[in-house]
Each structure stands twice: as C-alpha cells, then as structure tokens.
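For reference, the structure is listed below as structure tokens.
Residue numbers (our numbering): 57 to 478.
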C-alpha cells in the first residue's frame, strides 16, 4: 500500500503557523514581485471573488475590504517547513518519495495487517502536533489511487482528511466519484477528448478497451489505466534523479537599463544554480543566459534575446560559470531598453566524476575545487551568501524582487526568530 500525504494550502498554512492571530482567518500568498495570488487558505477560498492567479492590483481593495491578510512569497520558510514534514514522514516509513514541496508518497509495504485508517490519522496528527500544519492522507494500492484517495479525504465530508481505498468496493466507488479531469496524470487535452466520447468519470475511463487507451494515449495513458484498476505501474523513487537542466529567472523589482546591475543579478542567479549543481555532484557543459523586457507594457519598446556558451571543461565552479555567463550577457544586451528579467540555465549536465580534461585549456594554478568547498562550508554553517563572488556586487536592493509583505524567515535566520513575550 502507498500513502499520499499532501499539506493543505501549504504556503498559507506555513504563514499561519507563526501567526496564531490569523488562525481561522483568510490568508493568501502572492507570487514573485507581489504580482498575483498563488495560494489561499480555506477561509480565503470561501470568498468566491478571489480567483487564483488574479493580479493583486485588481483585487487589492477587495482583499482589504474582506480583511484578507496577504504575504509576499517566503520560499526559504516554505522549503524548511517542507523538509520538517518529510523528516516526520520518515519516522513512519524509511521509503519516502518527495513528489513536490508539499506532497510525498510513503511506502507502506508490509503493513497490510495494520489498521491503515488509524495509521493515516497518526501521520496527520503527528505532523499537526509537531508543526501545526494540516495535511490530508490518502492510502491505496497504487500511486494514482492514493492521489485519488487523498482528494476524497479533503473533498468528501466526514473523512476527517484521511481516506483509505482498501477494498474493491471502495475502489469502484472512488472511481465513480472522480471526474475524469480530476485524475492525476490526465491533462486538459485528453480530458476533452475523453469527454467527447462519453468518458466523464475515472470509472468510465477504466472501462475503455486497453488497446484504445494504448493507441490514443500512448504508454502514459496505459499506466494511468492500469493504476486505476489496481495494478501498480509507477515506480517508487526515494532518491531523486539528477536534474538534466538547472535554471532560474526572476523579474526585477524595477525595470533596469544599466548593464552593470543586470550583470550583478545574473551573477547572483549563477551562484544559486551552481550550488544546486554541486549538491547533486554534477558539472554543466552549457550556460544559457536570456534577457527580455516587459511583454505586458504598452509603453516600453520590446526586446528579448538569449545566448548559450560552451564551457571549455564542464564545471560546477561558480566563478568560472559567472565569467562565461557575463560574456554571453554582453553579447545580447542592447542599450536603450528597460529590461524586466534576466535568466540563466545550466545544461549538458554530467556527473562530476566523468568530466574529462581539455588539451587546449590551461588550468590555473589555484585549487578552485578547494576554494569552492570552503565557500559551501561557510555558507552552509552561517547562512546563504555569507561569502559570495564580488561580481554579485552590493546593489541587490536595486534589482531584487519586490517583497514588501514577506514574513520573517522564522526557522533559518537568527535575527528573524519569533520572539515570545511572557
């Protein structure tokens, strides 16, 4: 059996954990640069006229009128709280697959004789008791059915956020309850195609001939079909596969004309992605840099471009990657435009132990690997960007994301720890 554990309204719930005064009140979280609503708790969702991904400037008066508290994204806090959830799940099973920041699959093999409904409540209660985060738990024999059970645990009253599909009768009832568009793994295009031939529920889908599913929806659809019929086809992945591409791109807090500040932002993003690269013990062969203006502006002239450079030797050296990224940026930068975003992407990623030298590249006498390891040790101990490349500069406040409503990073920054007055 497999459990799917999903945190409810995760971003908003993380904010409420440290703000008891907001318990039971509407809370939303905004996207980068406080652009639009990306998360809302159940109280905010109850206000029907607060649609997801709606630009904040259009609904800000409505938020204030309804006493909705809104926060800028605090990804440092969310990531750390997510790790705490995963650590708790490992106390219930050694096999935990992290599916996303707020979802995990938990392998319950060998627990067929355990009361799984009670076990699910133990998981839910322990996470809430230790972290204050509400979760839903769905348990079934396959991943697709576990996702469906999780959905039922939240959507159907009386389940108390735990639902177990442990019989053929429950499986059939769950499939008949689920609309085809709500099934994990079936996208919008396939949903429309299936509805056009009279398939409106998950149960209808399982009654289609396998040959039709394989022909019209390829092997992916076949796996969904088999999973819904109780046949496990999706492997359990405890150790995530190394990323084949690592990138980041964030809009500036204000539009930039100056190449110098854009270069500093580019260097900062390279530092971020190179840390991820080293964490998975890999090296990158290609560095891509792109810039563009604000496509939604009716005033600014529009321009966008990108450039990819090849490293002489695949590397995860922050300094070497920054140098090449800056070269690429200077090739595509054009003066006279107000730029909205710069982004970087590392590709051609290979394990660092497979890197080969280059006869035409003369390495410097400095031991860069030891230098980078020292950087990582210091930053891991004292916090992100305690030491960094001078090419990042000191003007981050002139280009970083707008985050006026960001809450403190309660769990990772000493100076932002929650203070309790007795």
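Don't be surprised by glycine CBs; every beta carbon is placed ideally from N, CA and C.
- With contacts defined as CB atoms closer than 8 Å, residue 84 and residue 93 qualify as a contacting pair.
- Per the DSSP secondary-structure output, residue 219 pairs in a beta bridge with 194.
- Residue 169 is positioned such that its CB atom lies no closer than 8 Å to that of residue 191.
- The alpha helix (DSSP H) runs lying completely inside the segment 242 to 285 and spanning 4 residues or more are 244 to 252, 258 to 262, 266 to 284, given in chain order.
- Remark: fewer than three beta-carbon pairs, one from each stretch, lie closer than 8 Å, so the segment 288 to 297 and the segment 318 to 333 are not flagged as touching.
- Just so you know, the alpha carbons of residue 126 and residue 118 end up roughly 12 Å apart.
- In the three-state DSSP reduction, residue 293 falls in the coil class, being neither helix nor strand.
- In the pairwise beta carbon analysis, the segment 139 to 158 is classified as touching the segment 276 to 295: at least three pairs are separated by under 8 Å.
- Between residue 138 and residue 157, the beta carbon gap of about 5 Å places them in contact (Cβ cut-off 8 Å).
- When the beta-carbon positions are compared, residue 97 and residue 462 stay at least 8 Å from each other.
- Here the alpha carbon of residue 452 sits roughly 17 Å from the alpha carbon of residue 394.
- Distance from the Cα of residue 448 is smallest, within the candidate group 410, 254, 78, 315, for 315.
- When secondary structure is reduced to three states using DSSP, residue 308 falls in the strand class.
- Our two residues, residue 437 and residue 67, have alpha carbons roughly 26 Å apart in a direct line.
- In the structure shown, the three-state DSSP call for residue 188 is coil.
- A Cβ-Cβ distance of about 20 Å is found for the pair residue 110 and residue 81, leaving them out of contact under the 8 Å criterion.
- Cβ neighbours of residue 341 within its own chain (closer than 8 Å, five residues either side excluded): 366, 367, 370, 403, 404, 405, 406.
- Per the DSSP secondary-structure output, residue 462 pairs in a beta bridge with 128.
- Residue 200 and residue 237 have their alpha carbons spaced roughly 13 Å apart.
- Residue environment for residue 114: exposed (fewer than 16 other C-beta atoms within 10 angstroms of its C-beta).
- Our two residues, residue 399 and residue 382, have alpha carbons roughly 12 Å apart in a direct line.
- Per DSSP, reduced to three states, the secondary structure at residue 344 is strand.
- In the DSSP secondary-structure assignment, residue 323 is not bridged to any residue.
- A straight line joining the alpha-carbon of residue 143 with that of residue 443 spans about 29 Å.
- With distances taken between CA atoms, residue 360 lies nearest to 391 out of 180, 391, 60, 428.
- Each of 214, 197, 219 was checked against the Cα of residue 207, and the nearest Cα belongs to 219.
- In this structure residue 363 is in contact with residue 384, their Cβ atoms being roughly 4 Å apart against a cut-off of 8 Å.
- Burial is judged here by how many other beta carbons sit within 10 angstroms of a residue's own beta carbon; residue 372 has at least 16 and is buried.
- Runs of the alpha helix (DSSP H) lying entirely within the segment 85 to 170 and spanning at least 4 residues, in chain order: 98 to 101, 112 to 121, 131 to 145.
- Boundaries of the alpha helix (DSSP H) around residue 374: 374 to 388.
- In this structure, the straight-line span from the alpha carbon of residue 258 to that of residue 414 is close to 55 Å.
- Per DSSP, reduced to three states, the secondary structure at residue 351 is coil, with no helix or strand assignment.
- Sixteen is the threshold: when 16 or more other Cβ atoms of the shown chains lie within 10 Å of the Cβ of residue 57, as they do, the residue is buried.
- Per DSSP, reduced to three states, the secondary structure at residue 303 is strand.
- In the DSSP assignment, residue 201 falls within the alpha helix (DSSP H) that extends over 199 to 211.
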